[in-house]
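Asks:
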Ligand code: M6R
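Okay, structure coming up:
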């Protein structure tokens, strides 16, 4: 059932191109100019009435929600807050009837997320669930459901469910943009065309798995490392750090690249590995100057950058891994893949149980 792969996690990483295709299938109009989400029951009037969005989730799904915030705000121009589900209920969130609450859960059974969903409904909000399990508790209790068509995810570390959640956020934002008029047809078509290229682009990253295995093996001897990134690269850094901790048990921290000098820079010593995401052209210069700060303190920097920008990046990093070019807003759908593979190979190098890391369950049904 692992289809020739040594672990479910590796199989699921390799299933991402298919998960992308399946999650988009039937949801992009034939002419490539609009998104169809026929399963949504919300009306155009309702979409026009949304004043804010709360995204609530746990763990990796929360990290997808952090990307979702930037995606919805930039494409649909609706203000978004993203919260950890176990915190949401206890901070008296301001939930009004014009708040759309989006809960994100691979399993659809996470107790904290389910409790947040109920709290949102009690306060009169409409709830949209993004889940991988059609008949789950969260799917049943939500007003609307958008299914990620990632297929069953067995490994405790979430990979293809996370990336499929990103695809759903892109589709939903474009769908809202159509009603709200925040993007014109040409802009929508451009994003959709770029999304159609993602599966093949992921495949080209997967072809370089052995390069990432070597990087992972060198990282695995270090007790601690850092992930840095700016803008939409930062939530990807958080996800890369969680994945590595979860299955390799190597300590790591993710920082917005510009925040390091406000404290944590003291921990960067000779040889400390730093994984720097540098995919946002607008923030390129700033991130490179943050990389220089860590390099000056002896860090060993792996850059995750874009094809075509190697020359400039190579001057600043020790090793560069380039991902294919896509639109800046879509980079998380690619840049997380090398981080997943690094975590996988680091766990493997250390002899851990990749698919069943210690102290974790696939679905957390206690609050
Ligand atoms: O099933 P869910 O998406 O609600 O699960 C949420 C988290 O427990 C989950 O993403 C967890 O962080 C993963 N094991 C991370 O790989």
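Residue numbers (UniProt numbering): 244 to 610. Think of the CB as a built atom: it goes at the ideal place given N, C-alpha and C, for glycine as much as any other residue. Remember, it's a predicted structure, so these values are computed and weren't measured experimentally.
Are the region 303-311 and the region 403-414 touching by the rule of at least three beta carbon pairs closer than 8 angstroms?
Replies: Contact between the region 303-311 and the region 403-414 is present, because at least three Cβ pairs lie under 8 angstroms.
Asks: Which residue's Cα is closest to the Cα of residue 525: 544, 504, 536 and 548?
Replies: Comparing Cα-Cα distances from residue 525 to each of 544, 504, 536 and 548, the minimum goes to 548.
Asks: Need the endpoints of the alpha helix (DSSP H) that residue 293 sits in, please.
Replies: That residue, residue 293, is in no alpha helix (DSSP H); it is neither H nor E in DSSP.
Asks: Could you pull the start and end residues of the beta strand (DSSP E) that residue 369 belongs to?
Replies: That run of the beta strand (DSSP E) goes 369-374.
Asks: Counting only the same chain and skipping the five closest in sequence on each side, list residues whose C-beta sits under 8 angstroms from that of residue 465.
Replies: Once the five neighbours on either side are set aside, the close Cβ partners of residue 465 are 493, 514, 515 and 516.
Asks: How big is the Cα-Cα spacing for residue 573 and residue 438?
Replies: About 8 angstroms.
Asks: According to DSSP, is residue 433 helix, strand or coil?
Replies: In this structure, residue 433 counts as helix in the three-state DSSP scheme.
Asks: Note down the Cα distance separating residue 347 from residue 297, rounded to an integer number of angstroms.
Replies: So the alpha carbons of these two residues sit roughly 11 angstroms apart.
Asks: Where residue 245 and residue 251 are concerned, what is the direct C-alpha to C-alpha distance, given to the nearest angstrom?
Replies: The alpha-carbon atoms of residue 245 and residue 251 are separated by roughly 6 angstroms.
Asks: Specify the secondary structure class of residue 304 as computed by DSSP and reduced to three states.
Replies: Helix at residue 304.
Asks: Would the beta-carbon of residue 607 be found less than 8 angstroms away from any heavy atom of ligand 1?
Replies: Residue 607 Cβ: within cutoff of ligand 1.
Asks: Pairing CB atoms from the region 417-435 with CB atoms from the region 369-385, are three or more of them under 8 angstroms?
Replies: No contact exists between the region 417-435 and the region 369-385.
Asks: Threshold first: 3 residues or longer. Then list the beta strand (DSSP E) segments lying entirely within the region 544-588, N to C.
Replies: Qualifying beta strand (DSSP E) stretches, in chain order: 562-566.
Asks: Measure how close the beta-carbons of residue 447 and residue 469 come, nearest whole angstrom, since I'm counting them as under 8 angstroms.
Replies: 27 angstroms between Cβ atoms; not a contact.
Asks: Counting C-beta neighbours from all protein chains within 10 Å, is the total for residue 581 16 or more, i.e. buried, or is it exposed?
Replies: Burial call: buried.
Asks: Assign residue 274 to one of two classes, buried (16 or more other C-beta atoms within 10 Å of its C-beta) or exposed (fewer than that).
Replies: By the 10 Å Cβ count, residue 274 comes out exposed.
Asks: I want to check one thing, is the minimum distance from the CB of residue 347 to the heavy atoms of ligand 1 below 8 angstroms?
Replies: Within the cutoff, so yes.
Asks: Helix, strand or coil for residue 596 per DSSP?
Replies: Residue 596: coil per DSSP, three-state reduction.
Asks: For the beta strand (DSSP E) containing residue 326, name the first residue and the last one.
Replies: Taken as a continuous stretch (DSSP letters only), the beta strand (DSSP E) holding residue 326 covers 323-327.
Asks: For residue 541, count neighbouring C-beta atoms within 10 Å of its own C-beta (all shown protein chains included) and say buried if the count is 16 or more, exposed if not.
Replies: Exposed, by the Cβ-count rule.
Asks: Measure the C-alpha to C-alpha separation of residue 509 and residue 482 and round it to an integer number of angstroms.
Replies: Looking at the two C-alpha atoms, the distance is approximately 23 angstroms.
Asks: Counting only runs that start and end within the region 455-511, where is the alpha helix (DSSP H) found for 4 or more residues in a row?
Replies: Here the runs fully enclosed are 476-491.
Asks: Under three-state DSSP, which class holds residue 422?
Replies: The answer is helix: DSSP assigns residue 422 an H, G or I state.
Asks: Identify the residues that DSSP records as bridge partners of residue 442: which are they?
Replies: Note: residue 442 sits in no beta bridge, so no partner.
Asks: Would you be able to state if there are at least three C-beta pairs under 8 angstroms between the region 585-603 and the region 330-348?
Replies: Counting Cβ pairs under 8 angstroms, fewer than three are found: no touch.
Asks: Using the C-alpha atoms, what's the distance from residue 316 back to residue 522?
Replies: Using only the alpha carbons, I get a separation of about 19 angstroms.
Asks: Report all residues from its chain with a CB closer than 7 angstroms to the CB of residue 312; omit the five preceding and five following residues, and keep chain order.
Replies: The residues are 298, 323 and 325.
Asks: Pick from 353, 362, 352 and 349: whose alpha carbon is nearest that of residue 334?
Replies: Nearest C-alpha to residue 334: 362.
Asks: Say the cut is 8 angstroms; is the CB of residue 480 nearer than that to a heavy atom of ligand 1?
Replies: No, the Cβ of residue 480 stays beyond 8 angstroms of every heavy atom of ligand 1.
Asks: Rounded to whole angstroms, what is the Cα-Cα separation between residue 397 and residue 539?
Replies: Those two C-alpha atoms are separated by around 42 angstroms.
Asks: Going by beta carbon distance, what residues of the same chain come within less than 7 angstroms of residue 364, once the five residues before and after it are set aside?
Replies: If we look at residue 364 and ignore the five residues flanking it on each side, its Cβ neighbours are 370.
Asks: Do residue 476 and residue 401 have their C-beta atoms within less than 9 angstroms of each other?
Replies: Going by C-beta atoms, residue 476 is not nearer than 9 angstroms to residue 401.
Asks: Beta carbon of residue 284, beta carbon of residue 386: below 9 angstroms?
Replies: In this structure, residue 386 lies closer than 9 angstroms to residue 284 by Cβ.
Asks: Is residue 350 close to ligand 1? I mean its beta-carbon at under 8 angstroms from any heavy atom of the ligand.
Replies: Checking every heavy atom of ligand 1 against the Cβ of residue 350, one is found closer than 8 angstroms.
Asks: Within the continuous beta strand (DSSP E) that includes residue 381, where are the two ends?
Replies: Taken as a continuous stretch (DSSP letters only), residue 381 belongs to no beta strand (DSSP E), being part of the alpha helix (DSSP H) at 380-384.
Asks: Just mark residue 288 as buried or exposed, buried being the case when its beta carbon has 16 or more other beta carbons within 10 Å.
Replies: The residue is exposed, with fewer than 16 neighbouring Cβ atoms inside 10 Å.
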